[in-house]
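Under the working numbering, the first residue of the sequence shown is numbered 653, with each subsequent residue one higher.
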Amino acid sequence: MQHPLSLTHQHLLSIINTEILKRKTGGTLRILDAGCGNGELIYYLSRSLEELHPEIRTEVYGLDVSDHHVQKDGFFDLTKTMLSERMPNIQWESRLSLIGQAEPWPYETAYFDCILSNQVCEHIFDHVDFFKRIKRHLKVDGFSCHLFPLKNYILEGHSRIPFAHRFKSFETRKAFIKFMTRMGFGGFNSTESKVSRDQFSEDWAIKLALDCFYSSPAELINKSHCAGLVASFKYTRCYYFSKIRSILRRRPNYTLKERWLAEWFCFLFFKYIASITLFLENKVPTSIQQGERH
């Protein structure tokens, strides 16, 4: 099995594998990595699914935006080069797309079986628009999984400063970051840093204001429903358990089991200290006629 670069990659593969087995998927499976970055997840999924399900033709696509400034300039060319060198039999020019945030996604309606993202959703300003795009390009009964931190998260993962993302006022956030750096958070070193503490604090306050948009669980559920998708956090527990298995040096588990009560209890606690898994499905009721009331 292809070795994952991170547990997040392994977790997303486990979800896809579990859903393939549950849905008895056959033929061609199309997956979109929304916010694909350096393409490592695309490569990992392509190789691993080929090994897990040789009977299925798997096509993994990648999409990212050019005007968000999360990635460095020229990153997408490096992504294409890396994938072309490792998997030269695939025409990556047609599989990878770089667009502006306001541009429509360059795919047919109902094209994908699965749309996923890894540590992306906290950088999306308009989640309703993002979920509507997923709805548009996801097949009926298709699924979408997203791994990212919530507003509840105690330690803001980019700045490494607790609660830095909780402040709405720019000036208050800047002052708080400056205070926390004096307490040893955020990696600021006054003797080695090339910028002042004031500049460091202001830069992070700007970045968190313009690049990071955290949501609560209730907000995400409501936004998903507004886009026409049903939502849950049902695979969140499995991510935490995979971390424990890794610490204990146990083999990864690529087939996940649903235990709703355990999911609920784990989510209540772990949403404060680790990323969660938002699981979306493009479902339509089959036993209720449109307009029918009971």
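Even glycine gets a Cβ: it sits at the ideal position worked out from N, Cα and C.
Which first and last residues belong to the alpha helix (DSSP H) in which residue i is found?
i, result
"D781", "779-789"
"S821", "Taken as a continuous stretch (DSSP letters only), S821 belongs to no alpha helix (DSSP H), as it is neither H nor E."
"S867", "Taken as a continuous stretch (DSSP letters only), S867 belongs to no alpha helix (DSSP H), as it is neither H nor E."
"E760", "No alpha helix (DSSP H) contains E760, which DSSP labels as neither H nor E."
"S736", "727-738"
"E854", "849-863"
One question on the structure: do residue i and residue j come within less than 7 Å of each other, judged by their Cβ atoms?
i, j, result
"S698", "L665", "no"
"L913", "H798", "no"
"M835", "I813", "no"
"L659", "K895", "yes"
"H779", "D863", "no"
"V792", "N934", "yes"
"A879", "K787", "yes"
"Y924", "I767", "no"
"F865", "F777", "yes"
"C918", "R897", "no"
"E707", "R682", "no"
"K830", "S853", "yes"
Measure from the alpha carbon of residue i to the alpha carbon of each residue in the options, then state which is nearest.
i, options, result
"P756", "F783, Q771, L735, N741", "F783"
"Y892", "N874, H877, E915", "E915"
"D716", "L750, D729, R709", "L750"
"L872", "R902, R818, S842, N804", "N804"
"F840", "S811, S898, L860", "S811"
"R738", "F727, A816, E692, E711", "E692"
"F885", "I899, P869, G689, L900", "P869"
"I668", "L908, E854, A857", "L908"
"G689", "D729, E760, G679", "D729"
Measuring straight from C-alpha to C-alpha, what distance separates residue i and residue j?
i, j, result
"F828", "I928", "26 Å"
"P656", "Q662", "6 Å"
"C773", "L802", "9 Å"
"V882", "H789", "15 Å"
"N770", "Q851", "30 Å"
"E910", "E823", "44 Å"
"W744", "K732", "7 Å"
"S718", "R825", "28 Å"
"Y713", "S842", "44 Å"
"Y906", "E702", "14 Å"
"S876", "L932", "8 Å"
"L920", "S867", "15 Å"
"S796", "I899", "28 Å"
"L704", "T938", "32 Å"
"D781", "Q753", "11 Å"
Quick one: measure Cβ to Cβ for residue i and residue j, integer angstroms, because I've assumed they're closer than 8 Å.
i, j, result
"L735", "Y763", "So it is not a contact: roughly 20 Å between Cβ atoms."
"G794", "D765", "5 Å"
Mind checking if residue i is an interface residue toward chain D, Cβ cutoff 7 Å exclusive?
i, result
"D793", "Absent from the structure is chain D; it holds one protein chain and no more."
Between which two residues does the beta strand (DSSP E) holding residue i run?
i, result
"F917", "Counting along the chain, F917 falls outside any beta strand (DSSP E), though it belongs to the alpha helix (DSSP H) covering 912-922."
"F931", "928-933"
"R902", "First-last for R902: undefined, no H or E at that position."
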